[in-house]
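S.K.: Read in order, the letters of the sequence shown are residues 92 to 416 in my numbering.
Don't be surprised by glycine CBs; every beta carbon is placed ideally from N, CA and C.
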Amino acid sequence: MSTFPEYRPRRLRRTETLRRLVRETTVSVDDLILPLFAAPGQKFRKPISSMPGVAQTSVDELLRDAAEAAELGVPAIILFGLPEYKDETGSSGEDPKGPVQRAIAAVKKEIPDLVVMTDVCMCEYTSHGHCGVVRDGYVQNDETLELLARQALSHAQAGADIVAPSDMMDGRVAAIRHALDDEGFSNVAILAYAAKFASAFYGPFREAAESTPQFGDRRSYQMDPANGDEAMREVFLDIEEGADIIMVKPAQTYLDLVYRVKQETGYPVAAYHVSGEYSMIMAAAERGWLDGDRAMEEALTSIKRAGADMILTYWARQFAKKRRK
Ligand code: PBG
């Protein structure tokens with residue numbers, strides 16, 4: 092046994108206090124962003140069957156969820172919209188009386204310190220469910236830019252702190268930055284969904300946001316899951332165009348990119364633990380196939396360890412409650 096190596100890694104794993112001392116990564120409630128779905132009406136709360144614990148809510152109900160999150164120490168929410176009407180060009184997306192715009196104003200009035208982010212995209216507002224204007228069966232890039240800029244501006248006018256374009260049109264960050272600056276919103280930040288992949292893991296979200304494309308798919312604008320170098324080009328483009336925070340989405344299946352983006356840019360990095368990633372674990376936990384709480388902790392820790400500064404997660408409140416115990 093004298094040939095046994097000097098270093099025995101197990102020495103520091105003996106007790107929980109030792110493990111705490113050498114732990115390299117901790118997820119904090121400060122890192123979390125809670126997605127919420129704003130719907131029309133009042134006292135409306137419709138649970139999403141494929142996303143346990145997530146619901147569409149009218150603004151009054153959303154305000155309660157936001158207040159609970161803030162009370163638990165969650166620093167930010169991101170809002171998605173379920174509009175009253177949809178059309179070819181998604182015009183309800185820039186309606187100052189739309190559910191997202193009303194939700195922003197309500198939250199900023201009641202809970203001014205809570206950071207309010209908004210998803211900027213057309214798919215929640217278009218009748219065809221695509222993320223831009225469709226002509227000849229193709230999503231038109233440059234025509235869509237103006238609509239995105241107007242939607243982002245309407246969010247800024249309602250009081251949003253950060254707008255987050257998720258459409259994947261080329262040039263949208265610059266278009267939004269210029270529109271915001273021209274109207275005096277130079278302090279509204281842009282969180283760019285920079286490396287956003289055409290992912291099967293968005294499935295449950297499309298039930299929540301009622302945004303399933305009515306034909307085709309999103310592969311002519313969202314990225315091919317096979318491409319890492321191209322994701323970095325997308326990231327550098329968005330930085331040049333003025334992005335303040337860079338997002339990788341989904342998170343768990345793209346941890347290599349979370350790592351690369353942090354290492355290669357040094358920018359604040361957000362990772363979106365998306366609906367499918369959440370629902371897989373929730374469903375397995377419901378069946379008793381795994382320990383849901385531990386899987387949550389491990390999933391979020393892996394994203395932090397890879398280099399994310401912040402995580403968009405449907406678990407934000409659940410995680411904060413667990414930490415409080
Ligand atoms: C809108 C958008 C989507 C998600 C966030 N913003 C859906 C999509 O691109 O189809 C997915 C979020 C999730 O799955 O939790 N474009």
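Would you give the residue range spanned by the alpha helix (DSSP H) that residue 415 belongs to?
M.R.: Element bounds for residue 415: 407-415.
S.K.: I'd like to know if the stretch 361-381 and the stretch 333-343 are in contact, where contact means that at least 3 CB-CB pairs between them fall below 8 Å.
M.R.: Output reads yes: the stretch 333-343 touches the stretch 361-381.
S.K.: Taking 8 Å as the threshold, find out whether the stretch 367-386 comes into contact with the stretch 103-112 through three or more Cβ pairs.
M.R.: Taking 8 Å as the limit for Cβ pairs, the verdict is that the stretch 103-112 does not touch the stretch 367-386.
S.K.: When burial is assigned at 16 or more other CB atoms within 10 Å of the CB, is residue 235 buried or exposed?
M.R.: Buried: at least 16 other Cβ atoms inside 10 Å.
S.K.: If you draw a straight line from the C-alpha of residue 119 to the C-alpha of residue 391, how long is it?
M.R.: The straight-line gap from Cα to Cα measures roughly 10 Å.
S.K.: So, is residue 263 buried or exposed, given that buried needs 16 or more other C-beta atoms within 10 angstroms?
M.R.: Its Cβ being crowded by 16 or more others within 10 Å, residue 263 is buried.
S.K.: Do you know how far the Cα of residue 227 is from the Cα of residue 366?
M.R.: When rounded, the distance between both Cα atoms is 31 Å.
S.K.: Only counting the same chain, and skipping five residues up and downstream in sequence, which positions put a Cβ closer than 6 Å to that of residue 369?
M.R.: Closer than 6 Å at the Cβ level, and outside the excluded window around residue 369, lie 405.
S.K.: Is any heavy atom in the ligand PBG found nearer than 8 Å to the beta carbon of residue 340?
M.R.: Yes, Cβ of residue 340 sits closer than 8 Å to a heavy atom of the ligand PBG.
S.K.: Is the beta carbon of residue 215 within less than 8 Å of some heavy atom of the ligand PBG?
M.R.: True, at least one ligand heavy atom lies under 8 Å from that Cβ.
S.K.: Counting pairs of Cβ atoms below 8 Å between the stretch 245-253 and the stretch 325-332, do you hit three or more?
M.R.: Cβ pair count under 8 Å is below three, so no.
S.K.: If you draw a straight line from the alpha carbon of residue 315 to that of residue 343, how long is it in whole angstroms?
M.R.: Near 16 Å, if we compare the C-alpha coordinates of residue 343 and residue 315.
S.K.: Looking only at its own chain, which residues have a Cβ that is under 7 Å from the Cβ of residue 150, when we skip the five neighbours before and after it?
M.R.: Only 129, 190, 193, 194, 197 meet the Cβ criterion.
S.K.: Taking a contact to mean a Cβ-Cβ separation below 9 Å, would you say residue 260 touches residue 287 in this structure?
M.R.: Not a contact, by the Cβ cut-off of 9 Å.
S.K.: Check residue 386 in the structure and name its three-state DSSP category.
M.R.: Helix.
S.K.: Who are residue 211's beta bridge partners in DSSP?
M.R.: In the DSSP output, where bridge partners are listed per residue, residue 211 has 256.
S.K.: From the DSSP output, read off the bridge partner residues of residue 226.
M.R.: According to DSSP, which records beta bridges pairwise, residue 226 is partnered with 229.
S.K.: For residue 192, decide whether its Cβ has a neighbour in chain C, counting only Cβ atoms nearer than 9 Å.
M.R.: Absent from the structure: chain C. Only one protein chain is present.
S.K.: Is the beta carbon of residue 181 less than 9 Å from the beta carbon of residue 214?
M.R.: Yes; because the gap between Cβ atoms is below 9 Å, this pair is in contact.
S.K.: From the DSSP secondary-structure annotation, give me the bridge partner or partners of residue 136.
M.R.: Note: residue 136 sits in a beta bridge opposite 148.
S.K.: Just confirm the distance between the C-beta atoms of residue 127 and residue 153, as a whole number of angstroms; I'd bet it's less than 8 Å.
M.R.: That pair is a contact at about 5 Å.
S.K.: Between 239, 245, 394, 388, which lies nearest to residue 276 when the distance is taken from Cα to Cα?
M.R.: Minimum Cα distance to residue 276 is reached at 245.
S.K.: Taking 8 Å as the threshold, find out whether the stretch 293-306 comes into contact with the stretch 129-146 through three or more Cβ pairs.
M.R.: The stretch 293-306 vs the stretch 129-146: in contact.
S.K.: Select from 184, 201, 210, 199 the residue whose C-alpha is nearest the C-alpha of residue 224.
M.R.: It is 184 whose Cα lies nearest to the Cα of residue 224.
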